[in-house]
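The structure under discussion appears below in the form of C-alpha cells.
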Amino acid sequence: MKDSYDVIVVGAGPAGSTAARYAAAAGASVLMLEKDRDVGYPVRCGEAVSHDGVIQFIEPDPKWIASTVTKFRLVAPNGKDVIPRLDGVGYVLERRIFDYEVAKQAAAEGAEIVTKAYVYDLIKPNGKAEGVRVMVKDSKVDVKAKVVIGADGVESRVGKWAGIDTTCHIRDMESCAQMTISGIDVDEDTLDFYFGDEVSPGGYLWVFPKGRHTANVGLGVSAECAKKKSAIRYLHEFVEKKFPHSAVLTHIAGGVPCAKTCDTIIQNNVLLVGDAAHQVNPVSGGGIISGMIGGMIAGQVAAEAIKKNDLGHLAEYQKRWHKRLGWRHEVFYRIKEAISDFSDDTLNVIAEGALKLPEGKRTLGGIFRTALWNKPSLLLDVAKVFVS
Ligand SMILES: Cc1cc2nc3c(=O)[nH]c(=O)nc-3n(C[C@H](O)[C@H](O)[C@H](O)COP(=O)(O)OP(=O)(O)OC[C@H]3O[C@@H](n4cnc5c(N)ncnc54)[C@H](O)[C@@H]3O)c2cc1C
132 MKDSYDVIVV GAGPAGSTAA RYAAAAGASV LMLEKDRDVG YPVRCGEAVS
182 HDGVIQFIEP DPKWIASTVT KFRLVAPNGK DVIPRLDGVG YVLERRIFDY
232 EVAKQAAAEG AEIVTKAYVY DLIKPNGKAE GVRVMVKDSK VDVKAKVVIG
282 ADGVESRVGK WAGIDTTCHI RDMESCAQMT ISGIDVDEDT LDFYFGDEVS
332 PGGYLWVFPK GRHTANVGLG VSAECAKKKS AIRYLHEFVE KKFPHSAVLT
382 HIAGGVPCAK TCDTIIQNNV LLVGDAAHQV NPVSGGGIIS GMIGGMIAGQ
432 VAAEAIKKND LGHLAEYQKR WHKRLGWRHE VFYRIKEAIS DFSDDTLNVI
482 AEGALKLPEG KRTLGGIFRT ALWNKPSLLL DVAKVFVS
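Here the sequence shown stands for residues 132 to 519, where the numbers follow the working numbering.
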C-alpha cells in the first residue's frame, strides 16, 4: 500500500469491485480494502441474477454459473402454482467465484486490492474525508485519499462516519435466512417462489437451484414479523416439510434493506454504493446488479472529479444514479407498499385467475391484469401506488 491514492473503496463486494474497476479504468489511482480474508466469502446471497443485468459488466462464464434458469414458478398459499412465461434467461451464481472475477476486473484496470484490511474510521480533520484508518496485519495505518467510496454492505459504517443517514426503517428491513441444501431433486432450470403467511409473511421464500440436486433455499420476512417468529424458524419448518432428507451445506442469515435509496449518497467526499446506499430493488430484494450499476456510476464520477480537480463534481453521482435506477426503485417501493399486505386469500385468487389464462399469456403482466380483473379492489391498491 502507498500512503495516498485518488480513490479508496471500502469493501470488495460486487458494488465495491465495480466502483474500483471503473474509477481505475478512468485513470484514478485506486485502493480497495476488504476486511475478510477472501474476496467473495462468506456468501450471504440467494445468488440469482438476470442475464441482461450481468451482461452489462461481465461475459457469462460457466465457472461461476451454477444453473441457467429459463422459468420461474410462483406457488400460492393454497399450493397452486403458476409458471409465467419468461422471455429472458437468468443465472444462479457461484458468488464466491463471481465476486472474485469482478474483483479481478478491477485489478486488471490497475486497482490495488488488500484483504484482511479492516477500515475502522475515516480521516476527516475538517469534517471532510481525506482517507481511511485501517487495521492491516494487527497494525493501524492511515491511508489518504481524495475520495472514499463506501461499499461496505448493509451494515455500512462508512456512511455514518461521513454523516450520512443510512438508517433503514424496521418495516423496510427484510430479515433473511438461507440454507444451501443438497441430496434433493429440483428443476435445474426453474426458480421457485413461495408466498403466504405460513411460509414467509410479508415476504417470499425461494428455492434457487444449483444443479439438479442442490439449491439455495431461503426466505425473507419483514423484520417486524421476525420479532414474533424468526426467519430461521420459518426456514427450518419449510425445509423439514419439503426436503426432509436434505443435507445442509451452508447456513446464513442477514438483512436486506428493501427501501428507497438513502436520501443522500454523497457527502464530505464520501460516496456510498450498493447495499450501503440501499440500492436494492425494494420488491425483489435483489441487489447484485443494481449495486454494480451504482458502483459503476460512482467510480466514473469519482475519476472525473479527480481529473477536473473539482470535488464539487461528486454531486453528479447522486443525479446520475437517480436518473439511471433510483427513480425506478421509488416506483418499486410504492408497489411493494401496496402489495406487501395482500392476504393469502388475495394471493390464491390471483393464482386461480392466472391459471385460467392460456399458457402463452401467462406473463407477469398477464397475471397482474388477471389479478385486477378477479379482484377489482386491487385497483385501489394499484392506484395508491401511482397517486403520489
Ligand atoms: C439471504 C440473502 C439473499 C439474497 N439473494 C439475492 C439474490 O438472489 N440476488 C440478488 O441480486 N441479491 C440478493 N441479495 C442481496 C445481495 O446479496 C446484496 O445486495 C449484494 O451483495 C450487495 O453488494 P455490495 O457490494 O453492496 O455489498 P456486499 O456484497 O455485502 O459486500 C460488502 C463488503 O464490504 C466488506 N466490508 C464491510 N465492512 C468493512 C470494513 N469496515 N472494512 C473493509 N471491508 C468491509 C464486507 O466484508 C463485504 O465483502 C441477498 C441478500 C441476502 C442477505
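C-beta atoms are modelled at their ideal positions from N, C-alpha and C, and glycine is treated no differently.
- The stretch 136–194 contains, as complete beta strand (DSSP E) runs of 3+ residues, the segments 161–164, 179–181 (chain order).
- Counting only runs that start and end inside the stretch 241–319, the alpha helix (DSSP H) elements of at least 4 residues fall at 289–292.
- The beta carbon of V330 is closer than 6 Å to those of L336, F369 in its chain, skipping five residues each way along the sequence.
- With respect to the 8 Å criterion, R152 and A237 are classified as neighbours on the basis of their beta carbons.
- In this structure, ligand 1 has no non-hydrogen atom nearer than 7 Å to the beta-carbon of P340.
- Around the beta carbon of I186, fewer than 16 other beta carbons lie within 10 angstroms, which makes this residue exposed.
- Annotation for Q187 indicates a beta carbon at 7 Å or more from all heavy atoms of ligand 1.
- Excluding residues up to 5 positions away in sequence, H344, T345, S377, A378, L380 lie with their Cβ nearer than 7 Å to the Cβ of S313 in the same chain.
- Not one heavy atom of ligand 1 falls within 7 Å of the beta-carbon of D273.
- Note that the C-beta distance between T149 and G430 is below 8 Å.
- When DSSP states are grouped into helix, strand and coil, S377 belongs to the coil group.
- The count of Cβ pairs closer than 8 Å, one atom from the stretch 444–457 and one from the stretch 173–185, stays below three, leaving the stretches out of contact.
- DSSP links W337 through a beta bridge to F324, G349.
- Under the three-pair Cβ rule at 8 Å, the stretch 208–216 does not count as touching the stretch 342–361.
- The count of Cβ pairs closer than 8 Å, one atom from the stretch 423–439 and one from the stretch 486–500, stays below three, leaving the stretches out of contact.
- Taking M423 as the centre and dropping the five residues before and after it, the same chain places the C-beta of P145, A146, T149, F188 closer than 7 Å to its C-beta, in chain order.
- Three or more pairs of CB atoms, one per stretch, sit closer than 8 Å, so the stretch 400–410 contacts the stretch 282–298.
- For D252, the shortest C-beta to heavy atom distance toward ligand 1 is 7 Å or greater.
- Where T199 is concerned, the enclosing beta strand (DSSP E) starts and stops at 196–200.
- Distances from the alpha-carbon of L322 to those of G349, G333, R455 put G349 closest.
- Residue pairing by DSSP leaves Q431 without any beta bridge partner.
- By the C-beta density criterion, P193 is exposed, having fewer than 16 other C-beta atoms within 10 angstroms.
- Short of 6 Å from the beta carbon of A156, and not among the five residues preceding or following it, lie these beta carbons of its own chain, in chain order: E240.
- In the three-state reduction of the DSSP assignment, R204 falls in the strand class, which pools E and B.
- Judged by DSSP in its simplified three-state form, G342 adopts coil rather than helix or strand.
- A direct Cα-Cα distance of roughly 14 Å separates D441 from V138.
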